[in-house]
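Asker: Quick note on my numbering: the sequence shown kicks off at 176 and runs consecutively.
Quick reminder that beta carbons are idealized off the backbone N, C-alpha and C, glycines included.
What follows is a structure written as structure tokens; I'll ask about it next.
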Amino acid sequence: MPWLEELELSRVEEITRIIQVDLDLKYKTNIRDLFDEFDNFPEGAVIGIAREMQPVYRYSPLPDFGAQNGKSSPI
176 MPWLEELELS RVEEITRIIQ VDLDLKYKTN IRDLFDEFDN FPEGAVIGIA REMQPVYRYS
236 PLPDFGAQNG KSSPI
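As structure tokens, this is what we get:
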């Protein structure tokens, strides 16, 4: 029901913080602890990204990524 989604979003006046996670995660603590991490962000920060912890994603198909992009890393 797309109209219902639009109705619900129209009630939100301002969204200042969003946490996006996979739905298949199992939490061993209160998700509020993660939300509280926003208080540790420096002024002006717009995004926080965590490292992927699944072993299947640890091997990059771009072995020379760092050489091409300075000190950055694809993971």
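Once the 5 residues before and after F129 are set aside, which same chain residues still bring their CB inside 8 Å of it?
Answerer: Since the displayed the chain opens at 176 and closes at 250, residue 129 lies outside it and no answer follows.
Asker: Identify the continuous alpha helix (DSSP H) that holds F210 and give its terminal residues.
Answerer: I206 to F210
Asker: For D199 and G219, I'd like the C-alpha separation in whole angstroms.
Answerer: 31 Å
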